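Asks:
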DNA sequence: CATGATGGAGAGTTCCACTCTCCAGAGATG
DNA sequence: CATCTCTGGAGAGTGGAACTCTCCATCATG
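Protein chains in written order, with our numbering: chain Z, 1 to 217; chain F, 1001 to 1217.
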């Protein structure tokens, strides 16, 4: 298939597809001449993945590039590939020199790490971006309410673990192949968004019910 | 307090604070002369809220403006204020003319609505942005796996509802005041981020454990 | 009363995600 | 074969978001 057809199939302008090619998000097509190439279903699928990560997941193109690199890397497979993909999804990028991190932030990170490692006993790499995200969340909560500590996270950890168990049971093969890594990425991003939406709806629902049973001005 | 002190207290450059003032994110200080004004604790707190929503929640300034308007609006209180704030948090803005929405997207939205209203029986306004987010998520899932239907959302709805019940029990007063609306917003945004992080950590943990018990190349 | 800060407004900057323009070569059409 | 459209590649331009800088008349302070 040529680029015009790829554009039709995905609904993306040709200029955008070219841009993604240049940017390393979309793998090049099979070259048939110095200025000619053909594309296949894997290109359609990749473009769909890119749009999904951008629109549903709100990821930047830089982050999406990390994700597709993790998916494509032939040297990394199985559990390591899942880990790499999950790390690429994380919202944290910075990499500040640690000594410039504010003290309350550092304390919150330590507390989050202890919570994950000791209280939950989860086995996650020390560089997992979720650790830092958790620390940042704890620091933010504490800024508006100094009494907060990591125990506030307990119900969320419970819910997260339960959902992870449901997900591995119902969706994922035991031994991840390349394809399964991509499936994990898609499901993680989309169901993160769905869960957030459902949380907001549940809150609104409960607020409505509460105000009905005990009406207040 | 003058703007220089406000800048010191929050760590934000004076230029940025001026920009937020112009943009309607930060309420003006009490004017003492044509070019003089004083600020109070509420300005410090508001700036903290703005940074929190931007950094932890990833909200755009436009969205943050909607949120603070909902918090400030003296005509809207109690449950209506909570609803307004939650709606402002939603990631959906568009407002397309409905007939240009792709058919599969429209079908997914209808299915999501039926799921929320009929299966869950939740009482949420028809304009809740979570409805559309849910529809978009469903459409995205279906694009990579046509067999998916709304029942996949059941465990997520359960988890969301359970967390909402924990939250209302432990944190929120029965009758929300202005202050409580802001607390709800903070907790919603921060704990959304924390939950997403915990989900990623839980997945990584389970992948690690699974590969240990049944090692696979 | 000199110095430095202030509020307000406009212009400039940086980054991101495209989008446009151009070009020589390839392919399809008559 | 002539013409016309399409292609890959690369550079430049665009528009929005979120600042950041500059300027200025005014104001507070030592």
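All C-beta atoms, glycine included, are put in the ideal place defined by N, C-alpha and C.
What you are looking at is a predicted structure, and each value in this text was computed from that prediction instead of being measured.
Should residue 1137/F and residue 193/Z be called a contact, given that it needs their Cβ atoms to be closer than 8 Å?
Replies: Here residue 1137/F refers to the residue found at position 137 when the second chain is read from its first residue. Here residue 193/Z refers to the residue found at position 193 when the first chain is read from its first residue. Yes.
Asks: Mind listing the chain F neighbours of residue 69/Z? Cutoff is C-beta to C-beta under 8 Å, in chain order.
Replies: Stepping through the first chain from its first residue, residue 69/Z is reached at position 69. Here the premise fails: no neighbours, minimum Cβ distance about 18 Å.
Asks: Answer yes or no: do residue 1200/F and residue 188/Z have a C-beta to C-beta separation smaller than 8 Å?
Replies: In the second chain, residue 1200/F corresponds to position 200, counting from 1. In the first chain, residue 188/Z corresponds to position 188, counting from 1. For residue 1200/F and residue 188/Z, yes; Cβs fall inside 8 Å.
Asks: Taking the C-alpha atoms as reference points, what is the distance between residue 1191/F and residue 134/Z?
Replies: Here residue 1191/F corresponds to residue number 191 of the second chain, with the count starting at 1. Here residue 134/Z corresponds to residue number 134 of the first chain, with the count starting at 1. Taking the straight line joining both Cα atoms gives about 9 Å.
Asks: Do you know offhand how far residue 25/Z's Cα is from residue 1180/F's?
Replies: The residue given as residue 25/Z occupies position 25 in the first chain. The residue given as residue 1180/F occupies position 180 in the second chain. The alpha-carbon atoms of residue 25/Z and residue 1180/F are separated by roughly 44 Å.
Asks: Taking its Cβ as the centre, do 16 or more other Cβ atoms sit within 10 Å of residue 30/Z, making it buried, or is it exposed?
Replies: By one-based count along the first chain, residue 30/Z stands at place 30. By the 10 Å Cβ count, residue 30/Z comes out exposed.
Asks: Roughly how many angstroms lie between the CA atoms of residue 80/Z and residue 1212/F, to the nearest whole one?
Replies: Translated into positions along the first chain, residue 80/Z becomes position 80. Translated into positions along the second chain, residue 1212/F becomes position 212. The straight-line gap from Cα to Cα measures roughly 12 Å.
Asks: Please look up how many angstroms separate the CB atoms of residue 1039/F and residue 1061/F, rounded, as I've assumed it's under 8 Å.
Replies: Working through the second chain from its first residue, we reach residue 1039/F at position 39. Working through the second chain from its first residue, we reach residue 1061/F at position 61. About 20 Å; that fails the 8 Å criterion.
Asks: What does residue 149/Z reach in chain F if we use C-beta pairs closer than 7 Å?
Replies: Looking up residue 149/Z in the first chain gives position 149. In chain order: nothing, as chain F lies at least about 13 Å away.
Asks: Do three or more CB pairs link the segment 1100–1120 of chain F to the segment 153–169 of chain Z at distances below 8 Å?
Replies: Counting Cβ pairs under 8 Å, fewer than three are found: no touch.
Asks: From this set, 1/Z, 70/Z and 23/Z, which residue's C-alpha is nearest residue 42/Z's C-alpha?
Replies: By 1-based counting over the first chain, the position of residue 42/Z is 42. Looking at the Cα atoms, 1/Z is the closest of the given residues.
Asks: By the criterion of Cβ-Cβ separation under 7 Å, what are the contact partners of residue 1194/F in chain Z?
Replies: As a position in the second chain, residue 1194/F is number 194, starting the count at 1. Within chain Z, the residues near residue 1194/F are 134, 137, 153 and 156.
Asks: Of all the CB atoms in chain Z, is at least one closer than 8 Å to the CB of residue 1127/F?
Replies: For the purposes of this step, residue 1127/F is identified with residue 127 of the second chain, where counting begins at 1. No - not a single Cβ of chain Z is within 8 Å of the one on residue 1127/F.
Asks: What residues match up with residue 1036/F in a beta bridge as DSSP calls it?
Replies: The residue labelled residue 1036/F in the question sits at position 36 within the second chain. According to DSSP, residue 1036/F bridges with 1033/F.
Asks: Between residue 1082/F and chain Z, is the shortest Cβ-Cβ distance under 8 Å, so that the two count as touching?
Replies: Taking the first residue of the second chain as 1, we reach residue 1082/F at position 82. Output row for residue 1082/F: interface = yes.
Asks: I want to see whether chain Z comes within less than 8 Å of residue 1043/F, judged by CB atoms only; does it?
Replies: The residue given as residue 1043/F occupies position 43 in the second chain. For residue 1043/F, the answer is no, since every Cβ of chain Z falls outside 8 Å of its Cβ.
Asks: Where does residue 1066/F land, buried or exposed, given buried means 16+ other C-beta within 10 angstroms?
Replies: The residue you call residue 1066/F lines up with position 66 of the second chain. So residue 1066/F ends up on the buried side.
Asks: Given residue 207/Z, which residues of its chain have a CB within under 6 Å of its CB, disregarding the five upstream and five downstream residues?
Replies: Position 207 of the first chain, counting from 1, holds the residue named residue 207/Z. Nothing meets the Cβ criterion.
Asks: Indicate whether at least one CB of chain F lies closer than 8 Å to the CB of residue 54/Z.
Replies: Counting from 1 along the first chain, the entry for residue 54/Z is found at position 54. No, because no Cβ of chain F sits closer than 8 Å to the Cβ of residue 54/Z.
Asks: Hey, out of 78/Z, 46/Z and 34/Z, whose CA is closest to residue 10/Z's CA?
Replies: Indexing the first chain from 1 puts residue 10/Z at position 10. Selected option, being the one with the closest Cα: 46/Z.
Asks: Considering only residues of the same chain and omitting the five flanking positions on each side of residue 1109/F, which have a CB-CB separation below 6 Å?
Replies: Locating residue 1109/F in the second chain gives position 109, where the first residue counts as 1. Answer for residue 1109/F: 1135, listed in chain order.
Asks: Using a 10 Å radius around the Cβ and a threshold of 16 neighbouring Cβ atoms, would you call residue 1121/F buried or exposed?
Replies: Your numbering for residue 1121/F matches position 121 in the second chain. That one is exposed.
Asks: If you follow the alpha helix (DSSP H) that residue 19/Z is in, where does it begin and where does it stop?
Replies: Mapped onto the first chain, residue 19/Z falls at position 19. 14–22 is the span of the alpha helix (DSSP H), which, as asked, contains residue 19/Z.
Asks: Can you list the residues of chain F that residue 16/Z reaches, using a CB-CB cut of under 9 Å?
Replies: Within the first chain, the letter at position 16 stands for residue 16/Z. Those do not exist, as residue 16/Z stays about 18 Å from chain F at its closest Cβ, beyond 9 Å.
Asks: If I measure Cβ to Cβ from residue 148/Z and keep anything under 6 Å in the same chain, skipping five residues before and after, which residues do I get?
Replies: For the purposes of this step, residue 148/Z is identified with residue 148 of the first chain, where counting begins at 1. Closer than 6 Å at Cβ, skipping near neighbours: 141 and 142.
Asks: Is there at least one Cβ from chain F nearer than 8 Å to residue 61/Z's Cβ?
Replies: Within the first chain, residue 61/Z is the residue found at index 61, counting from 1. So no, residue 61/Z is outside the interface.
Asks: Examine chain Z for any beta-carbon lying closer than 8 Å to the beta-carbon of residue 1114/F, and answer yes or no.
Replies: Translated into positions along the second chain, residue 1114/F becomes position 114. No, residue 1114/F does not count as interfacial toward chain Z.
Asks: Whole angstroms is fine: what's the gap from residue 167/Z's alpha carbon to residue 182/Z's?
Replies: If you number the first chain from 1, residue 167/Z lands on position 167. If you number the first chain from 1, residue 182/Z lands on position 182. Each residue's alpha carbon lies about 14 Å from the other.
Asks: Taking 8 Å as the cut-off, decide whether the C-beta atoms of residue 1084/F and residue 1076/F are in contact.
Replies: The residue you call residue 1084/F lines up with position 84 of the second chain. The residue you call residue 1076/F lines up with position 76 of the second chain. The answer is yes: Cβ separation under 8 Å.
Asks: Determine the closest residue to residue 1068/F out of 1145/F, 1053/F and 1014/F, with distance taken between C-alpha atoms.
Replies: By one-based count along the second chain, residue 1068/F stands at place 68. The residue with the shortest Cα to Cα distance from residue 1068/F is 1053/F.
Asks: Hey, does residue 1109/F have any beta-carbon neighbour from chain Z nearer than 8 Å?
Replies: Position 109 of the second chain holds residue 1109/F. Not closer than 8 Å to any Cβ of chain Z, the Cβ of residue 1109/F fails to qualify, so no.
Asks: Exposed or buried, which one is residue 1032/F when buried takes at least 16 other CB atoms within 10 Å?
Replies: To locate residue 1032/F, count along the second chain from 1; it is residue 32. Residue 1032/F should be labelled exposed.
Asks: Any beta carbon of chain F sitting closer than 8 Å to that of residue 180/Z?
Replies: As a first step, residue 180/Z is located in the first chain; it is residue number 180 there, counting from the start. Not closer than 8 Å to any Cβ of chain F, the Cβ of residue 180/Z fails to qualify, so no.
Asks: Within this structure, are the beta carbons of residue 1090/F and residue 1129/F separated by less than 8 Å?
Replies: Position 90 of the second chain, counted from the first residue, corresponds to residue 1090/F. Position 129 of the second chain, counted from the first residue, corresponds to residue 1129/F. Yes, they are a contact pair.
Asks: Can you tell me whether residue 203/Z is buried or exposed? The criterion is at least 16 other CB atoms within 10 Å of its CB, across all chains shown.
Replies: By one-based count along the first chain, residue 203/Z stands at place 203. Looking at its Cβ environment, which holds 16 or more other Cβ atoms inside 10 Å, residue 203/Z is buried.
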